[in-house]
Each structure stands twice: as structure tokens, then as C-alpha cells.
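In this note's numbering, the protein residues as written are 222 to 518. The C-beta atom is built at its ideal place from N, Cα and C for all residues, glycine as well. Being a predicted model, the structure only gives us computed values, none of them experimental.
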Amino acid sequence: MAKVLASEGRGAASPAAPRPVERVIRDVTARGVRMRVLVAGAGNGPALLLIHSFLVSHLEFDDVIDALAQRFHVIAPDLPGFGESEKPSPARYAYGIETFAEAIADLIAAFGVGRAHLVGHAMGAAVAITLAAEHPELVQRLVLEDALCYPFPMSFRMKLPLLPVVGGIVFKQLHGRGMFRSFFREDVFRADATVPLSRVDRHYDLFNAPSARESAHAVMRAVLDARPVVARLTRVTAPTLVVWGRDDRIFPASGAQRLAREISGAMLEIMDAGHSPHEERPEEFVALVTQFLEGKR
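Structure, rendered in C-alpha cells:
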């Protein structure tokens with residue numbers, strides 16, 4: 222049963238939000254793990270789950286939550302191991318895409334919304350694909366943003382944490398704020414992006430604890446092989462919109478057209494952005510997603 226912990230008050234206005242909305246924080250138990258969840262918008266609107274990417278939390282959607290909450294019942298969880306959710310040891314929790322998808326299924330049940338729209342970013346998109354394939358009865362429409370799906374080129378900086386022995390030491394003990402900022406500045410966002418540094422620092426603060434680093438390292442190793450995600454694409458029946466940043470340095474935009482072809486009837490939109498279009502171009506992203514979810518495109 223979801224339990225209200227506290228209210229964040231009214232969310233700070235952003236370029237994508239015509240007016241602020243009340244944001245409420247809840248704790249929900251899913252697959253035996255406590256998940257921290259932000260809820261915003263009218264409870265009688267269509268449910269919209271926002272599923273975040275690797276190394277971040279629901280905070281990555283901060284610029285679009287208020288605007289989306291004008292029309293939808295927004296539910297934005299921190300996946301297990303990330304943000305302010307519980308971070309169980311990998312010895313007792315099988316971190317990975319399938320486990321996260323089942324946690325989202327539990328979340329939908331806990332809120333009693335029946336079916337929901339899903340917006341998944343990168344790793345979150347892989348979770349959304351898996352949920353839509355395994356539990357089609359829970360998913361109305363699907364938005365996949367710069368999805369973790371196909372093999373992608375990895376820089377030395379990305380390969381380093383995966384090296385035997387030394388990789389775990391580097392990631393769990395030596396990955397400092399400077400390296401963290403550099404990853405977002407050089408790989409996630411385009412050079413002209415105006416995403417606030419304070420948000421990146423907040424992501425780092427939530428990552429910078431032994432349990433969080435251990436969980437993130439386990440997730441990194443688990444999601445490296447995305448073949449199970451690819452194998453599920455033909456089983457996705459929900460209307461789907463594929464959104465991709467033209468200048469994504471992590472997952473090349475060439476994967477966008479392939480993904481749109483492999484999901485029957487999927488629509489495709491390439492945005493003038495890097496790996497995180499919803500943060501770099503929030504107004505455009507909200508307009509695009511709203512039109513699609515309301516069946517206007």
C-alpha cells in the first residue's frame with residue numbers, strides 16, 4: 222500500500238510548465254524493495270509513468286513533470302538502487318531490466334491505475350519495452366527516448382568500470398564528482414545545453430554512498446547485454462513513439478530508425494539534442510509526447 226511521506230510543495234516553474242503543480246512523495250514496496258515515487262497532477266487523469274535512466278533518478282524529469290501533470294497523473298519512481306529508493310545488496314536483489322520491469326508492474330498495481338502510459342529514457346526505455354512485452358495489459362502507449370537496446374560503441378571511460386577487479390574499485394571508490402560531471406557534460410548533453418549543474422551534482426550526491434555505488438555497478442554489468450530487450454521488440458503491441466537526440470554520443474541515432482522499424486507501427490521523431498532530449502528541449506518534448514499520448518499524431 223502506498224504511504225504518503227511528505228509533500229515537495231509546488232514544483233519550481235520551468236520553461237516547459239505553464240503553471241506549478243503539487244508534487245507528493247510516496248514510498249511504495251515493489252518486489253520487496255522500498256521505492257521512492259513522486260506523484261503529480263490530477264488523480265483522475267490518464268496515468269503516465271516516467272522511467273529514468275542509469276546513474277540518475279526521477280529528478281532527470283524535473284523540467285517536464287509540471288507540464289505533463291496538466292493532463293496526466295504523473296508517477297515518477299526512483300528505480301531500486303537509485304535516487305532515494307532502497308539499495309539492497311546485489312547478493313539479495315537481482316538487479317537488471319527484467320527485475321525493474323516487474324517492479325514497475327507492482328507499482329502500477331499499487332496505485333490502482335489499471336493501465337498506464339510509459340515514457341522511458343535510455344535504460345528506462347529498455348525497462349518500458351520489457352514491461353510492454355511481458356505485461357501488455359498494463360500499457361496503453363509507449364514513448365521510448367534514446368533507448369538502451371542495440372550494441373553501442375564504448376569509450377575507454379565507459380569500459381573502465383567493467384574491467385575485472387580494477388573496474389569495481391574505480392567505480393565504487395574512485396569515481397569522484399569531477400568524473401561524474403565530465404560524463405554528463407561530455408557524453409550526455411550537447412555543448413550548448415543549459416541543464417543546471419546543480420541537478421548533476423544532486424545525481425552525484427545520491428550516487429555517492431557505498432550501497433548506491435555497489436547497486437549501480439551491479440546494474441551496469443547486468444544491462445550490458447541488451448539482447449533480451451531486442452528479442453522482445455516484436456512482442457510490443459502498444460502504440461509506440463521512438464524519440465531520439467540527433468547528436469546522442471552514447472547511443473547513436475542510427476538505432477532510432479532500426480527501433481522504429483522493429484516495433485510494429487512505431488512512429489519516429491528525431492530531436493535536435495544529445496542523449497537527453499527531454500532535458501535539453503523540454504517544451505518541444507512535452508508537446509511531442511502530449512500529442513502522441515492523446516492520439517493527436
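Classify residue i as helix, strand or coil using the three-state DSSP reduction.
i	result
residue 169	With the chain covering 222 to 518 only, the question about residue 169 has no answer from this structure.
residue 484	coil
residue 366	strand
residue 478	helix
residue 271	strand
residue 182	Residue coverage of the chain in this structure runs from 222 to 518, which leaves residue 182 outside it and unanswerable.
If I measure Cβ to Cβ from residue i and keep anything under 7 Å in the same chain, skipping five residues before and after, which residues do I get?
i	result
residue 495	409, 410, 411, 414, 466, 468, 469, 470, 501
residue 473	373
residue 453	350, 351, 354
residue 432	308
residue 276	424, 428, 437
residue 316	302, 436, 439, 440, 443
residue 265	none
Out of curiosity, what's the CA-to-CA distance linking residue i and residue j?
i	j	result
residue 319	residue 348	7 Å
residue 334	residue 445	32 Å
residue 324	residue 252	6 Å
residue 358	residue 300	21 Å
residue 485	residue 394	44 Å
residue 298	residue 384	30 Å
residue 261	residue 516	22 Å
residue 451	residue 487	15 Å
I'd like the list of long-range same chain contacts for residue i, defined as Cβ closer than 8 Å, with 5 residues on each side in sequence excluded.
i	result
residue 267	292, 293, 294, 337, 338, 361, 514
Can you give the beta carbon distance from residue i to residue j, rounded, assuming they're within the 8 Å contact cut?
i	j	result
residue 272	residue 259	Wrong, their Cβ atoms sit about 12 Å apart, outside the cutoff.
residue 363	residue 510	Their Cβ separation, rounded to whole angstroms, is 11 Å, which puts residue 363 and residue 510 out of contact at 8 Å.
residue 464	residue 288	No, residue 464 and residue 288 are not in contact; Cβ-Cβ is about 16 Å, not under 8 Å.
residue 365	residue 480	7 Å
Go through its chain and collect everything with a Cβ distance to residue i's Cβ below 6 Å, but skip five positions before and after it.
i	result
residue 355	none
residue 343	274, 367, 369
residue 398	425
residue 311	439
*Using 8 Å as the threshold, is the stretch 416–432 in touch with the stretch 392–403, meaning 3 or more CB pairs across them?*
Cβ pair count under 8 Å is three or more, so yes.
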